[in-house]
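Q: Numbering-wise (the numbering used here), the sequence shown opens with residue 355 and increments by one.
Every residue, glycine too, gets a C-beta built ideally from N, C-alpha and C.
As the structure is a prediction and not an experimental result, all values here were calculated from the model.
Here you go, one structure.
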Amino acid sequence: DINHVNLATVARKAQDPNQRSPYIQQYNFGIQRELVKDLVFDISYMGNRGLKLPAFRNLNPNTYTFNAQGAPVVGLRELDSLGLRGDIQILENLGISNYNSLQTKLERRFSNGFTLLASYTYGKAFTDSVDHLSTSGAGNGVDVGEFKEPQDPKHRRLEYGPSEFDVTHRFVLSGVWRLPFGRGQSYGKNWSRGADLFLGGWEFSPIFTAQTGLPLTINQSQTVNIGGERRSRPNRIANGTLPDSQRTVDRWFDTNAFVALAATPGPGFFPNQIFGNSGVGILRGPGLVNLDFNLAKDFAIRERLSAQFRAEFFNALNHSNFGVPGVTIGAGFGQIVSASDARIIQFALKLRF
């Protein structure tokens, strides 16, 4: 019954009927050179630019913003929901993004039972549409999977910053090595069939990854923006980044560098729509260091029947890769309470026929 709908609290969302398809311009340039036989080096620049990305805009931002105390404001006429009707969010082609990177690769092509691939990327990804249609909420600690609009819909440029998946440095080393042990190999040429069955023919495949952390956006639980659906960013009075020697899981960054906006001077009222000066993605979370590898061996049983045994090691170094610290001012602010899985070992036996 429409007569019983509270229009002041109904959230309305719409899509621009003239919305166009977003597009991305991609460009790259690279050089490849064979250093010695079977060893190739690549260096390249890769970039892209996203235009007309889907993003939300609030057509009906609050004229005034109140805190939980909800005290009346002197001077406002007693009209029904003056300036406080529900948000009207419209999905339009407002967003932009850009990515630029230097990528290098060193590859040893498979020869003599060995191949190796090492790659390094230095990149920067920026956007003004962080988490608008996201379901990951990678590092920003903002409500996951919900539609958002800018903190200040009148100044969208203030949302421009590192994207949620921006990784500045990333190094990956992988390879395959057929161990030279067993009959017909460099070592163990004269092994018996029994010894070769258990000790020969093994293949070792590692992959090592190291990368810097994802961006963090500091926010506060009180919403003092006229958008109403995105948590507000506080004031930043210092850099906020701690030296590596001072970082702990209990204090990943300088929590004293951020001050939540307060409701002043009157209780319940934020005058002049004050916004915090803290930006998007200004800090970084923990990086990642991980080594996975597997050992595999094939067994020929009959002409059309074979088996493969695999021993797989995940996080083989048992290295603690910490999760994202709390980014909302209050309890748990700056603290890390999660980490990736410890070492996992699993075995598999596969029959092929």
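Could you pull the start and end residues of the alpha helix (DSSP H) that Phe-552 belongs to?
A: 547-553 is the span of the alpha helix (DSSP H), which, as asked, contains Phe-552.
Q: Can you pull the DSSP bridge partners for Pro-516?
A: Answer is Phe-480.
Q: Looking only at DSSP bridge pairs, what is Trp-531 linked to?
A: Bridge partners of Trp-531: Phe-468 and Phe-558.
Q: Going by DSSP, name the residue or residues bridged to Thr-563.
A: Looking at the DSSP assignment, Thr-563 forms a beta bridge with Val-526 and Asn-644.
Q: Since Pro-376 and Leu-413 are thought to touch, with beta carbons under 8 Å apart, how far apart are those beta carbons, to the nearest angstrom?
A: With 8 Å as the limit, Pro-376 and Leu-413 do not qualify as a contact, their Cβ atoms being about 21 Å apart.
Q: Tell me whether Arg-638 is buried or exposed, calling it buried when 16 or more other Cβ atoms sit within 10 Å of its Cβ.
A: Looking at its Cβ environment, which holds 16 or more other Cβ atoms inside 10 Å, Arg-638 is buried.
Q: Measuring straight from C-alpha to C-alpha, what distance separates Pro-547 and Gln-700?
A: Pro is not the amino acid found at residue 547; the sequence shown has Arg there. One C-alpha to the other measures close to 27 Å.
Q: By the 10 Å Cβ neighbour count, where 16 or more other Cβ atoms means buried, how is Ile-655 classified, buried or exposed?
A: Looking at its Cβ environment, which holds fewer than 16 other Cβ atoms inside 10 Å, Ile-655 is exposed.
Q: Out of Ser-575, Arg-537, Ala-479 and Phe-668, point me to the one whose CA is closest to Ala-549's CA.
A: Considering only alpha carbons, the answer is Arg-537.
Q: Would you mind working out which of Gln-574, Pro-534, Ala-472 and Gln-576 sits nearest Leu-527, comparing C-alpha positions?
A: If we check each option's Cα against that of Leu-527, Ala-472 comes out closest.
Q: Taking C-alpha atoms, which residue in Pro-504, Phe-707, Thr-481 and Arg-524 lies nearest to Ser-455?
A: Nearest C-alpha to Ser-455: Arg-524.
Q: Excluding the 5 residues flanking Gly-684 on each side, which residues of the same chain have their C-beta closer than 7 Å to its C-beta?
A: The residues are Ser-575.
Q: On the DSSP letters alone, give me the boundaries of the beta strand (DSSP E) that Ser-660 sits inside.
A: Where Ser-660 is concerned, the enclosing beta strand (DSSP E) stretches over 659-668.
Q: Say yes only if the C-beta of Asp-608 is nearer than 7 Å to one or more non-hydrogen atoms of the ligand SAM, and no if none qualify.
A: Within the structure as shown, the ligand SAM is missing, as the structure has no ligands at all.
Q: Under the DSSP definition of a beta bridge, which residues are partnered with Lys-704?
A: Lys-704 pairs with Gln-662.
Q: Near Asn-382, what residues of its chain come up, given a Cβ to Cβ distance below 8 Å and the 5 sequence neighbours on each side ignored?
A: The residues are Ser-398, Tyr-399, Met-400 and Gly-401.
Q: Pop quiz: Ile-442 and Gln-369 are said to be a contact at Cβ under 8 Å. What is the actual Cβ separation, rounded to whole angstroms?
A: At roughly 12 Å, the Cβ-Cβ gap does not stay under 8 Å, so Ile-442 and Gln-369 are not in contact.
Q: Specify the secondary structure class of Thr-571 as computed by DSSP and reduced to three states.
A: Note: Thr-571 maps to coil in three-state DSSP.
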